[in-house]
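K.L.:
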Amino acid sequence: MSEVDEEGTRRSPAEVVLSVGNGYSAVLLALFAVALAVPPLVFLDEGFYMTVMTEMFLFGVLALSWDLVGGQTGYPSFGNMAFFGVGAYTTGILWTEFGVAYPAALLAAGVFAVVFAAIIGLAVLRLRGHYFAIATLGVLLASIQLSRYLEITGGSSGKVLLGGPSGEVFYYVFLAILIVEMAVVRYLSGTRFGFVLNAIRDDERKATAMGVDTTYYKTAAWTLAAFFTGLAGGAYGAFNTFIDPQTAYNLAWNVELIAMALLGGTGTVAGPVVGAFGLHLAIVEIDSLFSGWQLMILGSVVIVTVVAFPNGVVGTLRQRANAMEYYKFGGGAAGESSPSAASSTDGTEGSE
Amino acid sequence: MIVEQLATTAGAGGAVGAIPLQSAGSIVQFVVNGLLVGSIFALVAIGFALVWGVVGIINLAHGEMMMLGGYVSYWAFLGLTGTGTGPGLLVLATVPVAVAVLYVVGYGLQRAIVTRVTDEDMFLTLLVTFGLSIFIQQATLQAFSADPRSIGATFADPSFVLGGIVVPKMKLVAFVGTLALAAALYVYLQTTRRGRAIRAVAQNPEAARLVGIDVQHTRAVTFGLSAAVAGGAGAFIATILNVTPQIGLNYTLKSFVIVVFGGIGSIPGALVGGLLLGTVEELTAGLVSSQLTLAVTFTLLVVLLVVKPQGLFGSGTEGST
Amino acid sequence: MSMVDILGEGTVTVDRRTFLAGAGAAGVAGIAGCTGGTGDSSGSGNSGEGDTGTTTGQPNSGAGTIVLGGSMSLSGDNADLGKLYRDAYRVTIRRINEAGGVEAGDGNTYELEMVLRDDETDASKSKTIYQELVDRKGIDYLLGPYSSTVTLPASAVAAANGKPMVEGGGASPKIFAQGNEWIFGLLPTADKYPLSGIDLAAKRGAETAALLAEDDTFSQSTAEGARSKFESAGVELVVDETFPTETSDLSTNLGKVRETEADVLLLAAHQKHAIVMAKQMESQNVSPDMAMATVGSLNEAFKEETGSNGNYVYGPSSWAINADFEDQVFGSTSAFVSAIDSGFDYQPDYHSAAATGVIQTFQRAFQQVDSLAPTAVRNAIRDIEFTCAYGGVKFADNGVINKQMLVYQWQPEKGKQIVWPTNVQQSEPIYPMPGWGER
Amino acid sequence: MSRRAERRDRSTAGEVPVVTEGLTKRFGGLTALDGVDIEVRDDEIVGLIGPNGSGKTTLFDCVTGAYTPDEGTVFLYGEEITGLSENRVAQRGLVRMFQQTRVYGGMTVAENLLVAAPSESLLRPPSTATREEADRLLEYVDLAGLAEVEAGRLSFGQQKLVEFAMALMADPDVLLMDEPAGGINPSMINRMLDYIRDVNDDDVTVFLIEHDMDFVMNVADRIYVLAHGERIAEGTPEEIQTNERVLDAYLGRE
């Protein structure tokens with residue numbers, strides 16, 4: 201065991217990055233928000249680059265919302281795009297069929313998605329693991345068929361949503377949703393609510409035995425994720441000027457948003473957002489440079505990255521920091537089963 | 003047993019009462035259509051259930067194994083006949099080719115890629131197989147173009163008519179063929195040494211390793227067998243319908259539903275689940291409206307999951323993560 | 130069982146992982162890539178297989194270069210039809226450049242280049258693709274995608290940026306109902322597809338009809354056109370079924386057609402369903418007097434895969450393969466047909482013809498304008514009128530071509546023949562289709 | 002009013018912490034518990050022993066609400082709690098430690114304790130009082146240095162101490178411990194004995210299952226003995242050691 205005393209602790213790079221991350225997260229988030237708010241004011245004008253950045257914010261919201269349920273609470277949803285679709289159609293229908301003002305229709309998207317999630321949650325949240333994943337996939341696929349069948353959604357021909365706000369407005373709408381969600385998730389992970397979600401992920405039986413009403417917390421996390429995903433869906437409709445069952449419940453995105461959360465690192469705030477920005481940019485660049493071959497390359501990028509980073513980028517960072525922490529304080533080799541005498545940590549006498 | 007089940011399922015399917023009275027004959031026709039098409043769904047789902055139950059992986063690229071099987075048997079048939087058309091039973095000669103080729107593909111994929119994430123979180127396996135599925139899809143598209151391919155195996159007089167019920171011969175061949183492949187797999191698993199090893203790994207990989215079973219090889223064999231039966235199903239699909247690079251995903255999603263109907267990891271369950279799904283879809287198409295077939299199927303999936311997560315035959319416990 | 134537990138033991142072995150992490154990080158490093166920074170096209174590398182380079186601005190071979198940009202369904206559901214457009218685009222551009230390029234109205238001659246992206250038949254990709262073509266690649270003249278759902282967002286980008294878009298693949302009336310002055314379509318709107326086919330059947334005394342419609346934008350508007358036409362032609366619709374795109378088996382619906390003994394069977398769907406219909410009509414012994422599929426029943430892949438079952442099947446087309454129109458690039462329709470045949474060894478159908486029409490529309494517009502500014506080119510296209518291998522090209526004020534639909538039939542001896550309307554008939558339709566026993 | 006003060010009122014009012022009457026639980030054909038009556042009086046340390054499969058853990062499960070008994074009733078401080086859900090029973094001050102030590106592996110040791118604190122405001126970070134309590138308890142079980150380490154990394158013995166600290170953090174009235182001495186090395190057994198006595202001195206009633214006879218005899222005030230789901234003996238450690246039926250049950254002569 202390398203001699204490491206209390207004061208002169210040698211901190212591994214991973215640890216430094218994380219402690220800075222945790223310590224000043226509020227400041228970091230504010231800087232992040234300002235840094236992203238500046239471009240349109242200064243040099244970025246409406247067009248391709250603004251669209252790509254707006255889509256990065258969109259995917260940041262989708263990945264972070266999935267992580268709230270999948271990464272933080274340990275309930276791997278495979279149907280989050282159902283909330284996105286419900287949000288998109290709610291705004292689309294209210295705005296075009298009932299003449300509701302766009303901002304109100306946009307907010308309604310989040311509210312409707314929450315109601316939809318609460319109802320679905322009653323049935324689905326009783327299941328766990330594989331069964332939960334399949335049930336949520338079933339909900340998504342059933343929603344696709346429903347939207348194809350109904351008149352008001354325009355059936356499979358979809359709805360044209362022209363005349364929405366300008367590209368710049370959408371840039372700030374999606375940025376705002378992302379920043380608000382990051383702040384909320386950051387705040388919650390420091391509160392009892394956040395801890396309980398992680399407890400449910402690690403050992404739901406233990407949490408129940410310690411007095412936690414897990415259904416209440418699972419539903420809260422589920423509806424919170426639905427709110428943000430639904431809101432993003434509502435905004436996306438007019439942003440893309442057209443929605444149909446294939447785009448509103450995009451099955452490719454349904455897997456991509458999970459890849460982004462996992463590649464970035466689940467259970468953190470930065471992880472999913474890093475994953476979303478990175479993967480979306482990679483997809484846009486690959487589409488542009490290797491048109492026609494892009495899906496083959498994307499497929500291999502996903503495979504290689506998952507194999508290389510099972511924990512995701514931020515996750516691996518945290519993983520290393522924790523390993524160092526354990527060694528430094530004389531704990532036995534991590535995970536070694538023999539009950540090492542915990543009392544003989546450096547410098548502190550066991551209280552006999 | 004199946005008939006009452008169908009009655010209840012159809013009943014659960016909603017508006018049966020409200021539709022115009024169909025002659026009893028046509029309801030039987032729909033059930034027959036359902037069983038004929040359901041057997042193919044079942045065979046694909048059996049491979050899916052095997053990999054899920056034994057290797058603990060949700061294989062999103064499973065549909066692509068079926069698709070590749072379709073292309074292999076298409077080219078084999080073209081090789082055999084030279085013209086692409088030939089007698090109906092000749093397709094059976096191409097099935098073993100598809101099965102063998104896909105066994106090798108499945109085995110190779112597990113060893114090269116899938117094995118690296120087998121013990122990881124379920125969702126990582128989902129991502130790797132998702133990457134595989136779009137890779138295989140695009141590679142096939144670049145190699146064979148997107149034109150639909152269909153095996154021209156025909157019978158002089160294409161269908162039997164028994165008491166007003168039309169039964170296409172080619173579909174009957176496919177029905178018997180798929181059941182035979184399913185039975186062969188089941189017997190293999192129950193009787194042979196390797197079969198027992200596979201079931202042992204399914205129960206407890208660590209224990210299996212302790213008693214000297216090469217878990218790695220066993221999992222690769224399982225993946226190979228799963229791809230092989232899917233390849234066999236692909237051969238029949240290429241004959242009855244057609245095969246394009248994009249058809250895989252739809253059969254993977256159907257396998258999800260069937261595995262839940264039948265229970266994760268249970269082969270008989272997947273067989274019954276497949277037949278049930280085919281029948282439910284055809285009955286909905288026949289009695290209600292074909293636009294609702296998928297809506298009924300997926301709603302049934304959610305309802306069944308909530309009511310009986312283990313599925314009809316499943317042994318998996320409710321919380322098995 | 131969370132991931133962290135599993136990896137609890139032991140630190141990460143650095144060597145192998147670092148190497149892989151490097152490859153993986155490529156995706157993440159993308160952040161530092163080209164966010165921000167506007168303007169000129171990076172233009173690096175070629176996009177797609179074998180397309181000419183994408184550099185714009187400085188003329189590299191004496192004559193300047195005009196770049197046409199767009200996306201096409203090179204993968205995804207409609208990849209089989211996307212290929213027809215790509216091949217026809219390439220052949221037409223190569224012919225124009227071989228003949229010295231485009232003598233534009235502003236006195237210069239330009240070489241034509243094309244940037245063709247793959248939209249995977251996914252409507253959520255087309256906005257980003259077309260914005261990239263305009264902003265990053267600096268392209269002023271847009272080739273529209275295939276399929277109506279992908280065309281709608283793309284046409285919105287064309288209008289927003291004031292760039293003319295000519296497309297030969299989006300046929301839904303919705304595209305042209307948005308008051309968009311920058312979009313021009315070479316395919317008649319979807320609802321017109323079945324009209325002349327129904328005329329033929331009504332004139333031959335058909336009384337009942339069955340309609341099987343795929344649940345997608347194009348097929349649904351075709352079905353709507355068919356329903357109103359059946360009504361006005363006094364033909365009773367005895368079966369009217371819509372099936373999901375994912376459906377692969379049509380036996381149950383064909384069973385209904387058999388029971389009602391409908392005279393006409395109209396399938397509003399794409400090629401893979403047309404193949405299934407042709408095969409399963411025999412196994413379900415359904416023998417209507419006329420069986421027509423709205424899309425994909427006329428190209429060669431259909432006939433190859435269905436063999437004799439494909440005989441007697443009808444299909445609508447906006448292009449007469451045998452009407453020998455005069456063509457500035459190829460010389461004549463037949464020359465265009467042999468150019469495609471020798472280049473890609475398949476017989477072109479109306480998709481290919483429409484594709485060459487798209488390129489030639491731009492070519493003609495460049496010839497007629499005195500400046501290549503997008504607005505000037507758009508105005509030229511608006512009142513353009515010319516003939517090419519595709520036939521007469523003239524756009525109505527909402528931007529869509531008005532063309533009469535012809536009806537083809539696969540006939541055992543003569544192959545694909547125009548059978549309706551009578552004035553362009555190659556041979557008489559074999560109506561009613563012989564029963565399965567008599568073939 | 003803090004839980005501890007509340008606890009003193011209840012015990013002075015003569016309420017008995019845990020009482021079961023005629024507790025029966027069947028699993029298919031197997032009768033795991035057959036009409037068991039036990040009583041855990043206030044501030045007592047009661048031991049529950051018996052050969053494997055005698056129904057000890059099933060009794061715990063019925064008391065904590067993990068299972069609903071087929072017959073019989075369970076009282077907590079005089080109030081009937083039979084069939085009450087597990088988390089509601091825990092909220093009423095009855096906290097349990099599991100035979101297979103269970104901690105939140107993905108969270109740090111400190112977070113494990115913070116989440117065990119009786120529910121404070123949901124949406125505010127843990128109060129400084131709670132953080133200080135957690136630090137104190139970690140100091141007490143001598144794991145202060147590992148506060149920021151993920152619990153999953155700790156050794157088995159360390160995790161047992163974390164689970165114990167979590168139980169204390171919940172400020173229980175009654176603490177159920179399923180084999181506290183199971184799987185830990187000798188030097189820690191003495192520490193575990195001290196901890197149990199300390200927590201009992203702090204007005205916490207303890208009810209524990211244990212196979213290690215010396216441990217039980219050393220710490221328990223009274224002992225119940227189960228065999229084949231029935232209560233076959235009850236008494237002080239000395240009485241139990243000389244009780245014929247108990248010896249027979251253990252040596253299998255019955």
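Residue numbers (this note's numbering), protein chains in the order written: chain A, 201 to 552; chain B, 3 to 323; chain C, 130 to 568; chain D, 2 to 255.
We put the beta carbon where it would ideally sit given N, CA and C, even for glycine.
#1: How is M98/D classed by DSSP in three states: helix, strand or coil?
#2: Could you give the uninterrupted runs of the beta strand (DSSP E) lying entirely in the stretch 17-82 of chain D, keeping only those of 3 residues or more?
#3: Using C-beta distances below 6 Å, list every residue in its chain close to Y259/C, excluding the 5 sequence neighbours before and after it, in chain order.
#4: So the alpha helix (DSSP H) R246/C belongs to, where does it begin and stop?
#5: If you follow the beta strand (DSSP E) that F208/D is in, where does it begin and where does it stop?
#6: By the 10 Å Cβ neighbour count, where 16 or more other Cβ atoms means buried, how is P274/C classified, buried or exposed?
#7: When the Cα atoms are used, what is the spatial distance from V74/B to V57/B?
#8: Tell me, which residues are paired with G194/C by DSSP?
#9: Around the Cβ of I62/D, are there at least 16 other Cβ atoms within 10 angstroms (buried) or fewer (exposed)?
#10: Would you say Q400/C reaches chain A, if we count a Cβ-Cβ gap shorter than 8 Å as a contact?
#11: Taking 8 Å as the CB-CB limit, is D267/A close to chain C?
#12: Run the CB neighbour count on A221/D, radius 10 Å, all protein chains shown included, and call it buried at 16 or more, exposed below.
#13: From the beta carbon of L164/B, is the nearest beta carbon of chain A less than 8 Å away?
#14: Does chain C have any CB closer than 8 Å to the CB of V204/A?
#15: Using 8 Å as the threshold, is the stretch 470-483 of chain C in touch with the stretch 445-459 of chain C, meaning 3 or more CB pairs across them?
#16: Which residues bound the alpha helix (DSSP H) around D289/A?
#17: Looking only at its chain, what residues have a beta carbon closer than 7 Å to the beta carbon of K408/C, apart from the 5 residues adjacent to it on each side?
#18: On the DSSP bridge list, what partners appear for P303/A?
#19: Quick one: any contact between the stretch 39-57 of chain D and the stretch 220-238 of chain D, if contact means 3 or more CB pairs under 8 Å?
#20: Using only the alpha-carbon positions, how far apart do F509/A and M460/A sit?
#21: Roughly how many angstroms lie between the CA atoms of E242/C and V295/C, to the nearest whole one?
#22: N440/A to T254/A, Cα distance in whole Å?
#23: If the criterion is Cβ atoms closer than 8 Å, does the pair G314/C and V536/C meet it?
#24: Flag this pair as yes or no: are the beta carbons of H399/C and V368/C separated by less than 8 Å?
#25: Just reading off the alpha helix (DSSP H) that F162/B is part of, what are its end residues?
#26: With a cut-off of 8 Å, do at least 3 Cβ pairs link the stretch 188-205 of chain B to the stretch 62-72 of chain B?
#27: Kindly identify the DSSP beta-bridge partner or partners of L176/D.
#28: Cα-Cα, which of S135/B, I59/B, L37/B is closest to G267/B?
#29: Check whether chain C comes within 8 Å of A158/B, counting only Cβ atoms and requiring the distance to be less than that.
#30: Starting from the C-beta of G51/D, find all residues in its chain whose C-beta is less than 6 Å away, skip the five residues before and the five after it, and write them out in chain order.
#31: Are there three or more Cβ pairs, one per stretch, closer than 8 Å when the stretch 237-252 of chain B is compared with the stretch 138-155 of chain B?
#32: How should D159/B be labelled, buried or exposed, when 16 other C-beta atoms within 10 angstroms of its C-beta is the threshold for buried?
#33: Which value, in whole angstroms, describes the spacing of the CA atoms of L307/B and T295/B?
#34: Given a cut-off of 8 Å, decide if V279/C and A331/C are closer than it, judged by their beta-carbon atoms.
#35: Could you check the C-alpha separation between N53/D and L248/D for me, to the nearest Å?
#36: Report the residue from E485/A, A521/A, G499/A, Y436/A whose alpha carbon sits nearest the alpha carbon of V262/A.
P.N.:
Inspection of the coordinates gives the following:
#1: strand
#2: 19-28, 31-41, 46-50, 72-77
#3: A283, V286
#4: Unbroken run through R246/C is the beta strand (DSSP E), 238-247; no alpha helix (DSSP H).
#5: 206-210
#6: buried
#7: 26 Å
#8: Per the sequence shown, the amino acid found at residue 194/C is Thr instead of Gly. Bridge partners of T194/C: E240/C.
#9: Going by the sequence as given, residue 62/D is Asp instead of Ile. Buried, because 16 or more other Cβ atoms sit within 10 Å of the Cβ of D62/D.
#10: no
#11: no
#12: buried
#13: no
#14: Confidence in V204/A is poor, its pLDDT being 36 and thus under 50, which makes the residue's placement unreliable; the coordinate value appears in the next sentence. No - not a single Cβ of chain C is within 8 Å of the one on V204/A.
#15: yes
#16: Residue identity differs from the one stated: residue 289/A is Tyr in this sequence, not Asp. Y289/A -> alpha helix (DSSP H) spans 281-296.
#17: T435, N438
#18: Answer by DSSP bridge pairing: none, since P303/A is not bridged.
#19: yes
#20: 12 Å
#21: 16 Å
#22: 11 Å
#23: no
#24: no
#25: Looking at the DSSP string, F162/B is not in any alpha helix (DSSP H); the run it does join, the beta strand (DSSP E), is 161-164.
#26: no
#27: V96/D, V207/D
#28: I59/B
#29: no
#30: K57, V226, L227, A228
#31: yes
#32: exposed
#33: 19 Å
#34: no
#35: 14 Å
#36: Looking at the sequence provided, one finds Leu at residue 262/A rather than Val. Measuring from the Cα of L262/A, the nearest candidate turns out to be Y436/A.
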